Amino acid sequence: MNRKLLAPLSVAILTISNSSHAAEKEVTLFNGWLRQQYPGSQPWDIGAELRGRFENKDDAGVNASTDFVPGIAESREAFYFREKIHVGYKSEWIGGFVEGRDASGHEDEKADDVFDLHQAYLTLGNAKEFPLTAQIGRQELSYGDQRFVGKGDWSNYGRSFDAVKLRLENPFGWVDAFTSRVVLPDDGNFNTSNDYDYFSGIYAGSKKLMPWQDTQVYFLARNYGKQAPNAIGTGNPGSPSTQRDIYTLGTLWKSNADAFGGWDYSLEAAFQFGSVYNSAQDARLDQRSHALFLDGGHTWDNIWSTPRLGIGYEYGSGDGDSTDGRVETLENLFGTQHRPYGLMDLAGARNMHIPKLAFSMKPVKGLTFSVDYLTFILADTGDLFYPESGGGRNANGYGINSGYGSYVGSEIDIYANYAVTKWSNVQLGYGHFFTGDYIEDSVGTAAEDADWFYTQLTLTF
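Numbered by mature numbering (1 follows the signal peptide of the UniProt record, and there is no 0), the letters in the sequence shown go through residues -22 to -1, 1 to 439 in order.
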């Protein structure tokens, strides 16, 4: 790893080591102070978030087509800064929320998006008095474990939608119905939503249907038109390159806290259907893909540091035959990819089996230390090796390599998350990716392992 890592690492370590003194006397948040000074300000919510992150990526994670390739694998050191400020108001039956966001990436211009409108929505209704409420305007959408619908908070600019969302809620559970268009970051211009990319859904949940778990079911529709890829220019980063209509039917089962003592579990399964336009064949192909996500573990609450040991499995189907008139590669829609599939963000669920082990502990109040180990195996070598988002790797030896081994490699992630005070948080993380047979068969036996390091400070007022 580059020696330049030592400086930010030292700063972060010093911050953590001194944080116990800071935590002894916490500063009151702005809203708390405001309400103490002006009791009539109770309906108002005024706040800000400042986030800074340093990342070092060696030999992968910069340009997917050169990842691990000897001699040309790209590396990068970059600083990322994000500032948010918001004003909200909530009365008994009506409310509003406006949030601005500025994002900048030093040594990574793709992360730049000058101060813009991130959220601006109106809320109508009072669930305590009437079961139907509405939220209308620019807003974040996040459901379940965010594998298909998430706000992408790790990203420097995050994700929001211009949406209309209705919620029907009673003591048994809730049902959301929404229709939306994703907002496209457009540095230097006002961010607008993609007029040709409609994302809609019905999402429901209940903790009463089976009282030992949170049961959720959903139906999601993404209708991505011919003009969608070039809505704000030639190609929208991370967006599909051709039109498609993808429908996702799924369910998530997640154990309630303490329902099984120290044991916990989650299970999510999804099936996708619809059609995708294939430009090479000039034809619409049927979409038939599926996914399965499993996680379970045990937490020892009665011993020091309350350690948890868990196992997991992430799976997304791949397409073994590009000539059969069907597309079987999973579509991740608008999921948050960062945590479930490894912190290095080198792969996602598409065409992948990912068995994993997880360990975490809380040695002191506010500090969580975690270690994850993940193995990546192609679901079908007749399909591509896909990065976290965007098109599959298809250059420098990568491609449809059916005769190669399916073992892509393994990743170990070590990271710490420390809530220093109510308004400050520090994170540190390191990851190493060990290349496997598939990568070495594709780019050569001298394929480079990859390293990644980050440190992040977040202040919330």
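Glycine residues also receive a C-beta, built at the ideal position from the N, C-alpha and C atoms.
Just so it is clear, the structure is predicted and the values come from calculations on it, not from any experiment.
For the candidate residues Gln221, Trp231, Ile289, Asp302, whose alpha-carbon lies nearest to that of Arg266?
The shortest Cα separation from Arg266 among Gln221, Trp231, Ile289, Asp302 belongs to Asp302.
Here's the rule: buried if 16 or more other CB atoms are within 10 angstroms of the residue's CB, otherwise exposed. What is Leu119?
Buried: at least 16 other Cβ atoms inside 10 Å.
Which of the three DSSP states, helix, strand or coil, is assigned to Ala51?
Coil.
Go through its chain and collect everything with a Cβ distance to Phe411's Cβ below 7 Å, but skip five positions before and after it.
If you ignore the 5 residues before and after Phe411, its C-beta comes within less than 7 Å of the C-beta of Ala38, Met322, Leu324, Gly387, Glu389, Asp427, Ala428, all in its own chain and listed in chain order.
In whole angstroms, what separates the C-alpha of Arg13 from that of Gln117?
Using only the alpha carbons, I get a separation of about 26 Å.
Any non-hydrogen atom of the ligand MN closer than 7 Å to Lys204 Cβ:
The ligand MN is absent from the structure shown, which contains no ligands of any kind.
Once you ignore the five residues that flank Gly83 on each side, which residues in its own chain have a CB closer than 7 Å to its CB?
The residues are Ala56, Tyr58, Ala89, Asp90, Asn134.
Can you confirm whether Glu292, when its beta carbon is compared against all beta carbons of chain D, has any partner nearer than 8 Å?
Note that chain D does not occur in the displayed structure, where there is just one protein chain.
For Gly73, which three-state DSSP category applies?
Here Gly73 carries a strand assignment [DSSP, helix/strand/coil].
Would you be able to state if there are at least three C-beta pairs under 8 Å between the stretch 146 to 153 and the stretch 326 to 339?
With the cut-off at 8 Å, the stretch 326 to 339 and the stretch 146 to 153 do not touch.
Where does Gly303 fall in DSSP's three states?
Of the three classes helix, strand and coil, the one that applies to Gly303 here is coil, per DSSP.
How is Gln221 classed by DSSP in three states: helix, strand or coil?
DSSP places Gln221 in coil when its eight states are reduced to three.
Under 8 Å: do the stretch 346 to 353 and the stretch 387 to 407 share three or more Cβ pairs, one atom per stretch?
By the Cβ rule, the stretch 346 to 353 counts as touching the stretch 387 to 407, because three or more pairs are nearer than 8 Å.
Residues sharing a beta bridge with Asp391, DSSP:
Note: Asp391 sits in a beta bridge opposite Asp350, Gly409.
Tell me which residues share the same chain as Pro285 and place their Cβ nearer than 6 Å to its Cβ, disregarding the 5 neighbours each side in the sequence.
Here Pro285 has Trp278, Met339 as same chain residues with Cβ atoms under 6 Å from its own Cβ, once five neighbours each way along the sequence are excluded.
What's the C-alpha gap between Gln209 and Phe75?
Here residue 209 is Ala; the residue named in the question, Gln, does not match the sequence. About 27 Å.
Would you grab the beta carbon distance between Arg222 and Tyr255 for me? Rounded to a whole angstrom, and I think it's under 8 Å.
About 6 Å separates the two Cβ atoms, so the contact holds.
Can you tell me the Cα-Cα spacing of Leu437 and Val404, whole angstroms?
When the Cα atoms are used, Leu437 and Val404 turn out to be separated by approximately 9 Å.
Under 8 Å, with one C-beta from each stretch per pair, do the stretch 177 to 194 and the stretch 233 to 243 reach the 3-pair mark?
Between the stretch 177 to 194 and the stretch 233 to 243, the count of Cβ pairs shorter than 8 Å is three or higher; the stretches touch.
Of all the options Gly326, Lys185, Ala373, which has the alpha carbon lying nearest to the alpha carbon of Ser295?
Ranking the options by Cα distance to Ser295, first place goes to Gly326.
Please list, in chain order, all residues of the same chain as Ile24 whose beta carbon is under 8 Å from its beta carbon, the five residues on each side excluded.
Result list for Ile24: Phe8, Asn9, Leu12, His64, Val65, Gly66, in chain order.
Using the rule of at least 16 other Cβ atoms within 10 Å of the residue's Cβ for burial, across every protein chain shown, is Thr423 buried or exposed?
Exposed, because fewer than 16 other Cβ atoms sit within 10 Å of the Cβ of Thr423.
The alpha helix (DSSP H) spanning Glu418 covers which residue range?
Element bounds for Glu418: 415 to 421.
Straight-line gap, Ala(-16) to Ser184 (C-alpha atoms, nearest Å)
Any reading at Ala(-16) must be qualified, since the residue scores a pLDDT of 42, below 50, and its modelled position is unreliable; the value itself is stated next. Just so you know, the alpha carbons of Ala(-16) and Ser184 end up roughly 48 Å apart.
Go to Gln97, then tell me how far its beta strand (DSSP E) extends in each direction, as first and last residue.
Looking at the DSSP string, the run of the beta strand (DSSP E) that includes Gln97 is 91 to 102.
Distance, Cα to Cα, Ser(-4) vs Tyr382?
Caution is warranted here: a pLDDT of 41 is assigned to Ser(-4), below 50, making its placement in the model unreliable, and no coordinate value can be reported.
Can you name, in chain order, every residue of its own chain whose Cβ lies under 6 Å from the Cβ of Thr314, other than the five neighbours on each side?
Cβ contact annotation for Thr314 (same chain, cutoff 6 Å, sequence separation greater than five): Gln124, Gly128, Gly130, in chain order.
Return yes when the Cβ of Gln113 is within less than 8 Å of the Cβ of Ser138, no when it is not.
The Cβ atoms of Ser138 and Gln113 lie no closer than 8 Å to each other.
Looking only at its chain, what residues have a beta carbon closer than 7 Å to the beta carbon of Ala397, apart from the 5 residues adjacent to it on each side?
Same-chain partners within the cutoff: Gly344, Asn403.
Can you pull the DSSP bridge partners for Arg200?
Partner(s): Phe177, Ile224.
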